[in-house]
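Trainee: Heads up, my numbering is the position in the first sequence plus 6, with the first residue counted as 1. The following block contains the structure, expressed as structure tokens.
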Amino acid sequence: MEKEKKIKPTKELPAGFEDRQEKELLIRDFVISNIKEIMINYGFQYLETPSFEYTESIGKFLPDKDRPGEGVFSFKDENKWLSLRYDLTAPLARYVAKNFNKIPKPFKRYQLGTVWRNEKPGPGRYREFLQFDADYVGTKNLQADAELCILISEILEKCGLDKDDYTLKISSRKFTEKLFEKLNIKSKDQVLTILRALDKIERLGWDEVQKLLGKGRKDKSGDYTKGANLNIEQIKIIENALKNETPENDDVLEIIKIFNAYNFKNFKFDPSVIRGLEYYTGPIFEVNLNFEVKNSKGKAIQFGSIGGGGRYDNLVSNFGNLDYPATGISIGLDRLVFALMQKKDFSLKTVRPIMICVFNKNNTNQYIEILNKLRKANISSEIYPGEGKLKKQMEYANKIESPGVIFYGEDEIKKGEVKLRNLKTGDESSIKIENLTNEIKKLI
RNA sequence: GCACGGGUAGCUCAGUUGGUUAGAGCAGCGGUUUGUGGAACCGAAGGUCGACAGUUCGAAUCUGUCCCCGUGUACCA
């Protein structure tokens, strides 16, 4: 043994994984309880599936490699690859295929769960995050699609967003299909490149996207992206098609008709909505926030969409011969919470305990007596959990934002009363023990 | 993946053209009246300067490789 070094374990977290503190968690709880209420209201069933699936079940099996594709966290278990789920839709398809004879048809379910993506994290983008997902499986009725849009709006507004804080955009895969016909483009590669370029309009603007449709584009850092090599006439055709504010597609028109029946108005037809590449087959939806979101250093960041979805009519059929249509929508809850935290008029009250100071350990029994009284009255409370002088105890109480501390030292015990100090005002008063809980309730 | 910028104390950062004992603020610890917090004072402590290799009499500082973080970009079911 030559150089036996003391190895300190790192305190850093893997990239894209975050500790989450109380404020964020409370807002998250608030969001989740709103979601549950609305989902019940809309008649959805609640479902949970495991974090791990067989890699092949969630569509990540690459037959020519012995390792699953990047993008998922995987490990090999007894010769079979397992992966952490990367969304809740793939597990739903698996669930439906597995339980096909049990479930009602159509099947409406919602799910809340953590998903993992093994990719480069960015501002507001993590590798572990909470997703909400609602789907209709087994119906081609576009009322399902329409209801999903209405429902997602209702969720956002119930969580405190105003109508103009977000934009719900709808389009359809049929729009781009038609466009490619018009352009006479058949190469699959070129189609994909064009779709990817169009997907960036929101972020980069038309001028930059135009470069991506043509030769290519150099970004701020000097990195170069190859374009789709369209000619000027073709780009012009796309530009004109995108300007078309009135949808021509049957499915979008139908959905808008249904929106009208629901008296739902807060949506926009936007043909530049692309989302995913091969997965969707019909109408697609996306929700973007309209207010600025900042990172931890106060810098405004590109926030992207907080949710979206669409119709995917052949996902379930991958598991067998079932031809089974579906449509779904999902929200990235952590991102929504992150944004909500920055809405200036948004705050949730956190409950902090009343603290009983420790003067003398011999009086612990008396302290506990008071503590029990408070806790029985449902008042969050604690005996100072550390060791040390009063000053230190006060500093602690201040740090945890306790609304008040109780002094119950020798003098007070003798008199049968306690001293209650309001930590916001600094006021202090002597109170008979019988009146204590009432006095404290006034203070919190 | 590609491009650019960073890794110095628990945290935020300073560190001149390479020069010997690497600095500050905050936090923490100990005091300043052993019963009173929300930026009071004093003191001590705290670092293989991201890792490894190289150049040099001498490296936090220069070179190379790697790792990690940030931002943009690409990919993204």
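For each residue, glycine too, the CB sits at the ideal point set by N, CA and C.
(1) Taking only three categories from DSSP, how would you classify A332?
(2) So for I337, helix, strand or coil by DSSP?
(3) How far does the alpha helix (DSSP H) with P289 in it extend, from its first residue to its last?
(4) Give a yes or no on whether the C-beta atoms belonging to F79 and L90 are separated by under 8 angstroms.
(5) How would you write the range of the alpha helix (DSSP H) that T199 sits in, first residue to last?
(6) Using beta-carbon positions only, say whether L426 and I439 come within less than 8 angstroms of one another.
(7) Which value, in whole angstroms, describes the spacing of the CA atoms of R281 and M45?
(8) Identify whether N124 lies in helix, strand or coil by the three-state DSSP scheme.
(9) According to the Cβ coordinates, are L185 and A203 closer than 8 angstroms?
(10) Does DSSP put I450 in a helix, a strand or coil?
(11) If you count every other CB in all the chains shown that lies within 10 Å of the CB of E10, and 16 or more means buried, which is it?
(12) In its own chain, which residues sit with a C-beta less than 8 angstroms from the C-beta of G422, not counting the 5 before and 5 after it?
(13) Taking only runs of the beta strand (DSSP E) that begin and end inside the stretch 349-392, which ones reach a length of at least 3 residues, in chain order?
(14) Could you tell me which residues DSSP puts in a beta bridge with I412?
(15) At 4 residues or longer, and completely inside the stretch 94-155: list those alpha helix (DSSP H) runs for me, N to C.
(16) For L19, which three-state DSSP category applies?
(17) For S278 and I335, what's the separation of their Cα atoms in angstroms?
(18) In the DSSP assignment, the beta strand (DSSP E) including S80 goes from what residue to what residue?
(19) Determine which residues share a DSSP beta bridge with I437 and list them.
(20) Across which residues does DSSP place Y285 in a beta bridge pair?
(21) Taking only the alpha-carbon atoms, compute the straight-line gap between R381 and E375 and give it to the nearest angstrom.
(22) Under a three-way DSSP split, which group does R317 fall into?
(23) For I261 versus L148, is the C-beta spacing smaller than 8 angstroms?
(24) If you reduce the DSSP assignment to three classes, tell me which class I280 lands in.
(25) State buried or exposed for N190, treating a residue as buried only when at least 16 other CB atoms are found within 10 Å of its CB.
(26) Taking T287 as the reference, which of Q216, E183, S193, G313 has the closest Cα?
(27) Could you work out which residue in K355, V411, G315 is closest to G338 when comparing CA atoms only?
(28) List the DSSP bridge partners of L88.
(29) Below 8 angstroms, can you find three or more Cβ-Cβ pairs linking the stretch 358-373 to the stretch 135-149?
(30) According to the Cβ coordinates, are G65 and N124 closer than 8 angstroms?
(31) Looking only at its own chain, which residues have a Cβ that is under 8 angstroms from the Cβ of L396, when we skip the five neighbours before and after it?
(32) Which one or two residues does DSSP pair with F275 in a beta bridge?
(33) Quick check on the burial criterion: 16 or more other C-beta atoms within 10 angstroms. Buried or exposed for Y4?
(34) Give me the residue from F113, N85, K29, W122 with the minimum Cα distance to P56.
(35) Do you know how far the Cα of K180 is from the Cα of D70?
(36) Can you tell me which of S386, D417, Y402, A150 puts its alpha carbon nearest to the alpha carbon of K447?
Mentor: To lay it out plainly:
(1) strand
(2) strand
(3) P289 -> not in any alpha helix (DSSP H); beta strand (DSSP E) instead, spanning 289-295.
(4) yes
(5) 194-204
(6) no
(7) 24 angstroms
(8) strand
(9) no
(10) coil
(11) Residue placement at E10 is poorly supported in this model, since its pLDDT is 36, which falls under 50; the coordinates are not used for a value here.
(12) K438, I439
(13) 360-362, 387-389
(14) I362, L426
(15) 95-104
(16) coil
(17) 18 angstroms
(18) 80-83
(19) V424
(20) Per DSSP, none; premise fails for Y285.
(21) 10 angstroms
(22) strand
(23) yes
(24) coil
(25) exposed
(26) E183
(27) G315
(28) Y60, F81
(29) no
(30) no
(31) C363, F365
(32) I176
(33) The displayed coordinates of the chain run from 7 to 450. Any statement about residue 4 would go beyond what the structure contains.
(34) W122
(35) Legend: pLDDT at D70 = 45, less than 50; position of this residue unreliable, no value from coordinates given.
(36) S386
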